[in-house]
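Written out below as structure tokens is the structure these notes cover.
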Amino acid sequence: MRKVMRVAIATDRCQGHNRCCLVAPELFEADDEGNAHVHGDGIVPAGLEAKARLAVANCPEQAVRLTSG
Amino acid sequence: MESRPPVEDWAIDFDHFDPQWTENPYLLWNDLRQRCPVATSQRFQDGAYFATRYDDVREIACDAEHFSSRRVIVRERKLPLIFSPPITSDPPEHKPARKLLLPAFAPKEIAKLEDRARAICRSLLDAIGDSPTCDGAGDYARQIPVRVIAHMLGVSEDNGDLFRDWIYRILSEGVSNPAAAMGAMQEQDAFFKEQVELRRKQPGDDLVSFLINAELDGKPLSEPHILGTLRLLMIAGIDSIWSGIGSSIWHLATHPEDRKRLVADPGLLPTAIEEFLRAYSPVTMAREVVKEKTLSGCPFQPGGQVLLSFPAANRDPSKFAEADRVLIDRAENPHVAFGLGRHRCLGSNLARMEMTVAVDEWLKRFPDFHETPGKKTTWSEGTVRGPRSMPLTINR
Ligand code: HEM
Ligand code: SF4
């Protein structure tokens, strides 16, 4: 079975650079103050794993976290 | 800037107004990063420091206990402390002063300005028309953000020359001539005072009205707070963006393979813009040391002025592979052109939108252009770097 990948945002680190929302709009959205949140429960749908990793790699604050298992 | 003694050893006598730095700072930074990662200089009051490594820049930007934002420009002679919240604020005052501004700059609000920005770019391109040459800086890049910010402030878009003059006196001339900076700030305050009076009588959908209605701890903002923030928004939102737009167009004028690739595949625009922001980061900030701290073996003494170079961090090869190459499809690019930590640029969504629109509209109108042979692009001096004049030839 496929392992479940999840994304989360460390809200104490996020400063609203918005890079995650731009590279993976399927996974993240910005709130009214411009800080990012994951859509729903943060489970990454099949096929979007690469975009989730790109969001991690592009966040200047190291605020996007991935877990799998 | 007046003539200055030439720099011989950049490690102990750096000067970000030296012509070598203005011409091409990247080689200097690479050399320093290897042999002396924290350079110093006595050309600035109480001594100045300049860190070139990504890790040190991150530390300084995120450590308000040792590095205060109360001075955000390195000057030969320090000015009296200036109140421009949130950029000049430290914790705990910083967070509330920033938070009240965030909604006006969130992606949703900025998206509403895109049509106006496109219209501004198109009218400038119309004015260039079918002339075979133009100044990509003066005729295009420099004209865009002043008009957008005037639109946001609800003032006439014809105020461009006035705004540009204030900014020049504060950021460039004012580094060695404090009276020039103070005079420009007084003129700005008088201008904005009048706008605040007008908006109190007749509110509109603009930033001045937004600040009049904003609250801090349940109370309206004081007049000095409103004026300080308006001054900041104008200074922060103008030559940073024109420098970003200008550098992007300059890169495409001097790298035909990237230009052709972007014209053929506009889907690359988002990664290209982030890469231009990384490689040609316009904005260098500053801090004042308030408590001694050692970084990369170098002690920072209280009172010293710190040149906080996000542009140098973005060229650090230990963080960015092939840091000196511009790769318009660079997929992993956590650049820090908009800073790091609590002072992350509040206008980053606006800046990114304007840069994207400006490059997109330019390429649609002028897909084939290059730097005019025999003429030279000149670069602005000091802490905001971008083309000051950029002679271009347009092929049709
Ligand atoms: C390409 C364009 C721009 C660049 C490269 C840029 C860069 C930066 C940087 C590096 C900082 C961090 C300051 C620090 O750490 O002390 C900053 C802060 C700031 N920027 Fe920008 N900026 C740009 C455009 C804008 C625009 C368009 C606006 C608004 C109209 C703006 C408003 C601000 C404000 C208000 C702050 C202070 C935020 C705070 O202290 O919390 N910037 N900018
Ligand atoms: S890229 Fe990082 S800092 Fe920026 S919004 Fe996303 S999580 Fe927040």
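Quick note, the sequences are listed as chains F and S, same order. The opening residue of the first sequence carries number 1 in the working numbering; numbering runs sequentially from there. The opening residue of the second sequence carries number 1001 in the working numbering; numbering runs sequentially from there. For each residue, glycine too, the CB sits at the ideal point set by N, CA and C. None of the values given here were measured: they were computed from a predicted structure.
Report yes or no: do three or more beta-carbon pairs, one from the stretch 1057-1067 of chain S and one from the stretch 1284-1297 of chain S, lie closer than 8 Å?
Three or more beta-carbon pairs drawn from the stretch 1057-1067 of chain S and the stretch 1284-1297 of chain S are found closer than 8 Å, and the two stretches are therefore classed as touching.
Can you tell me whether S:Cys1345 sits near ligand 1, meaning its C-beta is under 8 Å from at least one heavy atom of the ligand?
For S:Cys1345, the shortest separation between its Cβ and any heavy atom of ligand 1 lies below 8 Å.
Taking the C-alpha atoms as reference points, what is the distance between S:Pro1132 and S:Pro1391?
About 11 Å.
Using the Cβ count rule (16 or more neighbours within 10 Å means buried), how would you classify S:Leu1027?
It is exposed - the Cβ of S:Leu1027 has fewer than 16 other Cβ atoms within 10 Å.
Rounded to a whole number of angstroms, what is the C-alpha to C-alpha distance between S:Phe1369 and S:Asn1024?
Each residue's Cα considered, the two are about 23 Å apart.
When S:Phe1017, S:Ser1222, S:Trp1029 and S:Gly1129 are compared against S:Asp1316, the one with the closest alpha-carbon:
Taking only the C-alpha atoms, the option nearest S:Asp1316 is S:Trp1029.
Assess contact between the stretch 1323-1330 of chain S and the stretch 1092-1105 of chain S, defined as three or more Cβ pairs (one per stretch) separated by less than 8 Å. Is contact present?
In short, these stretches do not touch, since the Cβ pair count stays below three.
Using a C-beta to C-beta distance shorter than 7 Å, which residues of chain S count as neighbours of F:Ala8?
Within chain S, no residue comes near F:Ala8; the closest Cβ sits about 18 Å away, beyond 7 Å.
Report the CB separation of F:Gly42 from F:Ala8 in whole angstroms; it is logged as a contact under 8 Å.
Taking a contact as a CB-CB distance under 8 Å, the pair F:Gly42 and F:Ala8 counts as one, their CB atoms being some 5 Å apart.
Starting from the N-terminal side, write out each stretch of the alpha helix (DSSP H) that is 4 residues or longer and does not extend beyond the stretch 1278-1351 of chain S.
Fully enclosed alpha helix (DSSP H) runs of no fewer than 4 residues occupy 1310-1313 of the stretch 1278-1351 of chain S, in order along the chain.
So who's on the other strand from F:Arg65, going by DSSP bridges?
In DSSP, F:Arg65 forms a bridge with F:Ala8.
Using alpha carbons as the reference points, say which of S:Leu1350, S:Pro1085, S:Ile1394 and S:Arg1344 lies closest to S:Cys1062.
Comparing Cα-Cα distances from S:Cys1062 to each of S:Leu1350, S:Pro1085, S:Ile1394 and S:Arg1344, the minimum goes to S:Arg1344.
Would you mind giving the Cβ-Cβ distance between S:Gly1136 and S:Pro1367, rounded to the nearest angstrom? I have them listed as a contact below 8 Å.
Between S:Gly1136 and S:Pro1367 the beta-carbon gap is near 14 Å, outside 8 Å, which marks them as no contact.
Measuring CA to CA, which of S:Gln1034, S:Arg1365 and S:Ser1172 is closest to S:Asp1130?
For S:Asp1130, the closest alpha carbon among the candidates S:Gln1034, S:Arg1365 and S:Ser1172 is that of S:Arg1365.
Between S:Ile1170, S:Pro1096, S:Trp1021 and S:Thr1294, which has its C-alpha nearest S:Asp1056's C-alpha?
Ranking the options by Cα distance to S:Asp1056, first place goes to S:Thr1294.
At least one CB of chain F closer than 9 Å to the CB of S:Phe1067: is that the case?
Output row for S:Phe1067: interface = no.
Nearest-angstrom Cα separation, counted from S:Lys1099 out to S:Gly1339:
Straight-line measurement puts the Cα of S:Lys1099 at about 17 Å from the Cα of S:Gly1339.
Residues bridged to S:Ile1394 (per DSSP)
Answer is S:Phe1369, bridged to S:Ile1394.
By how many angstroms is the C-alpha of F:Gly47 removed from the C-alpha of S:Glu1275?
Going by the C-alpha atoms only, they are around 26 Å apart.
Classify S:Ile1012 as buried or exposed, calling it buried when 16 or more other Cβ atoms lie within 10 Å of its own Cβ.
Classification for S:Ile1012: exposed.
Which value, in whole angstroms, describes the spacing of the CA atoms of S:Pro1220 and S:Ala1111?
Roughly 28 Å separates the two Cα atoms.
For the alpha helix (DSSP H) holding S:Asp1022, just list the boundary residues, first then last.
Before going further, note that residue 1022 of chain S is Thr rather than Asp in the sequence given. Pro1019 to Glu1023 is the extent of the alpha helix (DSSP H) around S:Thr1022.
C-alpha gap between S:Arg1043 and S:Gly1303, whole angstroms
Each residue's alpha carbon lies about 14 Å from the other.
Would you verify that the beta carbon of S:Ser1348 is, or is not, closer than 9 Å to some beta carbon of chain F?
The Cβ of S:Ser1348 sits closer than 9 Å to at least one Cβ of chain F.
Please report the distance separating the alpha-carbon of S:His1251 from that of S:Thr1378.
Whole-angstrom Cα-Cα distance: 14 Å.
Looking only at its chain, what residues have a beta carbon closer than 7 Å to the beta carbon of F:Val44, apart from the 5 residues adjacent to it on each side?
Annotation for F:Val44: Met5, Arg6, Val7, Leu27 and Ala52 place their beta carbon closer than 7 Å to its own, counting only its chain and skipping 5 residues before and after.
Would you say F:Ala57 faces chain S, with C-beta separation under 9 Å as the test?
Yes, F:Ala57 counts as interfacial toward chain S.
Measuring alpha carbon to alpha carbon, tell me which residue in S:Gln1045, S:Ser1041, S:Cys1036 and S:Gly1047 is nearest S:Arg991.
Absent from the model: residue 991 of chain S. The displayed extent of chain S is 1001 to 1396, so no value can be given.
Below 8 Å, can you find three or more Cβ-Cβ pairs linking the stretch 1240-1254 of chain S to the stretch 1196-1207 of chain S?
No, they do not touch.
Is there a C-beta anywhere in chain F that falls below 9 Å from the one on S:Ala1117?
So, not an interface residue.
Residues in the stretch 1006-1027 of chain S with C-beta within 9 Å of chain F's C-beta atoms, listed in sequence order?
Under the 9 Å Cβ criterion, the stretch 1006-1027 of chain S contributes no residue.
Are there 16 or more other CB atoms within 10 angstroms of the CB of F:Asn18, so buried, or fewer, so exposed?
Counting Cβ neighbours within 10 Å, F:Asn18 comes out buried, since at least 16 surround it.
Same chain, Cβ closer than 6 Å to S:Asp1018, neighbours up to 5 away in sequence not counted
So the list reads Val1007, once near-sequence residues are dropped.
Exposed or buried, what is S:Pro1311 when buried is set at 16 or more other beta-carbons lying within 10 Å of its beta-carbon?
By the neighbour-count rule (16 or more Cβ atoms within 10 Å), S:Pro1311 is buried.
The stretch 1178-1186 of chain S / the stretch 1073-1092 of chain S touching (three or more Cβ pairs under 8 Å):
They touch, by the three-pair rule.
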